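S.K.: Numbering (this note's numbering), first residue to last: -8 to 232. This is the structure I have questions about; it appears just below.
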Amino acid sequence: SGLLCLIVIVSCSDSPTDPADNNQENTVSDIDGNVYKTVTIGTQVWMAENLKVTHYSNGDLIPNVTGYSQWSNLTTGALCSYDNNDVNIATYGLLYNCYAVNDSRGIAPAGWRVPSDEEWKELEMYLGMSQSDADVSGDWRYRGMGWRGTDEGGKLKETGTTHWNSPNFGANNTSGFTALPGGSRYFDGTFYSMCLYGYWWSSTESSSDYAWYRSLGYDYSRVYRDDKYKQYGFSVRLVRD
């Protein structure tokens, strides 16, 4: 008589996993040596953390401007930490004016770039937003205008209230983007909205003085789109070429 051996090969591909875990890819480093997680969403690869680089790609320093009036008068690139408190950098990254974002020396490592307005729309539509909603823009003077889509913002936001204020409405981070509420710097140099809202530049100008951006809020599951003065200080995410 012989011994019959049955070998069963089990595939792990059917095991339940967190959708965000499936999306994680490698990392990317900037010129300062900071290492960022990345995530694949649709056909795009995004940084899953806010940028905190302090040099342009050629090695030139991006000025850290702390003074309020000095910040408001800038027409060249600058950065700062929220509230000029460097403790905030590790979690929330740095805030950049749009002059730094679009400086010809570049703030992205090779193979990466600041996303255009259209690339933000591509992300939003992959997550379920319609083209007509994606094209809507808002006006900060009228609450509710500019908040587009349904739950796409919730898919982008980090879950819980460790960094986001309660209720962090609709946040499930199924995309793995892990958006954080890094706040912003107003064009007059004042700071506002950390833990309440996150703001991210696009590279697309709407005029010589304005550029498009996105915002996510603790009280919305949707995504806000508008344009602002280039003097504003917003967070930056990069997308791979």
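Ideal placement from N, C-alpha and C gives every residue a C-beta, glycine not left out. Computed from a predicted structure; not experimentally measured.
#1: Would you mind sorting VAL78 into buried or exposed? The rule is 16 or more other CB atoms within 10 Å of its CB.
#2: Roughly how many whole angstroms lie between the Cα atoms of VAL44 and ASP21?
#3: Between the segment 183 to 200 and the segment 158 to 165, do at least 3 Cβ pairs fall closer than 8 Å?
#4: Enumerate in chain order the residues of its own chain whose CB-to-CB distance from ALA125 is below 6 Å, with the five nearest sequence positions on each side excluded.
#5: What residues in its chain sit with their C-beta under 7 Å from that of HIS46, if we drop five residues either side in the sequence?
#6: From this set, GLY224, TYR223 and TRP191, which residue's C-alpha is nearest VAL214's C-alpha?
#7: Can you tell me which of the three DSSP states TYR183 falls into?
#8: Please classify ASN159 as buried or exposed, where buried requires at least 16 neighbouring CB atoms within 10 angstroms.
#9: Is it buried or exposed, SER226, if we count other Cβ atoms within 10 angstroms and call 16 or more buried?
#10: Since LYS43 is in the beta strand (DSSP E), which residue starts that stretch and which ends it?
#11: Quick one: complete alpha helix (DSSP H) runs, 4+ long, within the segment 61 to 110?
#12: Taking all protein chains shown into account, decide if GLY151 is buried (16 or more other Cβ within 10 angstroms of its Cβ) or exposed.
M.R.: Looking at the atomic coordinates:
#1: The count along the sequence shown starts at 1 and reaches residue 78 at position 87. Flag for VAL78 reads exposed.
#2: Along the sequence shown, one-based indexing puts residue 44 at 53. Along the sequence shown, one-based indexing puts residue 21 at 30. Taking the straight line from one Cα to the other gives about 6 Å.
#3: no
#4: The residue given as residue 125 occupies position 134 in the sequence shown. LYS112, GLU115 and MET116, listed in sequence order.
#5: Sequence index remark: in the sequence shown, residue 46 carries index 55 (1-based). Contacts found: ILE22, ASP23, LEU52 and ILE53.
#6: Counting from 1 along the sequence shown, the entry for residue 214 is found at position 223. Comparing Cα-Cα distances from VAL214 to each of GLY224, TYR223 and TRP191, the minimum goes to TRP191.
#7: As a position in the sequence shown, residue 183 is number 192, starting the count at 1. In this structure, TYR183 counts as strand in the three-state DSSP scheme.
#8: Locating residue 159 in the sequence shown gives position 168, where the first residue counts as 1. Buried.
#9: As a working note, residue 226 is residue 235 in the sequence shown. The residue is buried, with at least 16 neighbouring Cβ atoms inside 10 Å.
#10: Locating residue 43 in the sequence shown gives position 52, where the first residue counts as 1. Premise fails: LYS43 is in no beta strand (DSSP E) and is neither H nor E.
#11: 80 to 83 and 89 to 92
#12: Your numbering for residue 151 matches position 160 in the sequence shown. So GLY151 ends up on the exposed side.
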